[in-house]
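Residue numbers (the working numbering): 19 to 187. Idealized CB from N, CA, C, for every residue including glycine.
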Amino acid sequence: MSLAACGNGRDFSPEDMPSARSEKRHLRTFSEAEDLLEQGASGPAAGEDISAAHHLDTALLRQKRRENAAVLLEYVRNWAIFPTLFPEDCPLFVPICVPAEKRDALRQYLAEQEIYCPVYWPVSALHRLTAQTRMIYETEVSLLCDQRYGAAEMHRIGQAVQIFFKEVV
19 MSLAACGNGR DFSPEDMPSA RSEKRHLRTF SEAEDLLEQG ASGPAAGEDI SAAHHLDTAL
79 LRQKRRENAA VLLEYVRNWA IFPTLFPEDC PLFVPICVPA EKRDALRQYL AEQEIYCPVY
139 WPVSALHRLT AQTRMIYETE VSLLCDQRYG AAEMHRIGQA VQIFFKEVV
């Protein structure tokens, strides 16, 4: 999806939700891009993306992200790494911390509910982690709240996390 599609002001529909298959494809592509960056590869952005970025309504994007994060926090504040939304915040996702032994089960449950829940920083052989950073890598789950979504999706995501911890495990 290009930047132009991300900032068009419409709510994200269920058809837009990535599937488990597309998540694997995304992670594979992301990993390949990381490898290219480590090799020093880079290039200019596409012209249409540069043009779209110049026309983004950043105030609207910020407002939608903040509204979405506030709704999610109503449901997940007890697990939230950052339980307070500060005036300067413009979140892309709400990070929550769950027991390491339940993290993959939560992600699988959310995927079954057609809720995409990325892991942004998989541990590679190049990482040198302290006990504290390892804990974050093993327990953090990112709940997306960007401007493509609306309040209905945030309620659905928040309710799904609550149901998982009340009924599934």
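I need the straight-line Cα distance from residue i to residue j, nearest angstrom please.
i    : j    : result
I154 : C115 : 8 Å
E33  : S60  : In this predicted model, E33 has a pLDDT of only 49, less than 50, meaning its place in the structure is not dependable enough to derive any value.
C135 : L162 : 7 Å
S31  : Y167 : Confidence is the limiting factor: at S31 the pLDDT is only 43, short of 50, which leaves the residue's position unreliable, though a coordinate-based value still follows. Those two C-alpha atoms are separated by around 8 Å.
E158 : A70  : 32 Å
Y127 : A143 : 28 Å
D75  : T151 : 35 Å
T148 : K120 : 21 Å
F104 : H72  : 26 Å
E92  : A77  : 23 Å
D53  : E132 : 29 Å
Q177 : P101 : 17 Å
G58  : E50  : 13 Å
R43  : A170 : 27 Å
F183 : G65  : 45 Å
L79  : E106 : 13 Å
P62  : Q81  : 29 Å
A98  : A88  : 12 Å
A129 : E156 : 18 Å
Would you identify the three-state DSSP class for residue i, choosing helix, strand or coil?
i    : result
S69  : helix
L103 : coil
V141 : coil
I181 : helix
L74  : coil
A64  : coil
L110 : coil
E158 : strand
A98  : strand
R83  : helix
Output yes or no for whether 9 Å exceeds the beta carbon distance between residue i and residue j.
i    : j    : result
L90  : I181 : no
T67  : L110 : Thr is not the amino acid found at residue 67; the sequence shown has Asp there. No, these two residues do not count as a Cβ contact at 9 Å.
A123 : V186 : yes
R146 : C108 : no
S160 : V137 : yes
M172 : N86  : yes
Could you check how far apart the C-beta atoms of residue i and residue j are, in whole angstroms? I think they sit under 8 Å.
i    : j   : result
V112 : V94 : 6 Å
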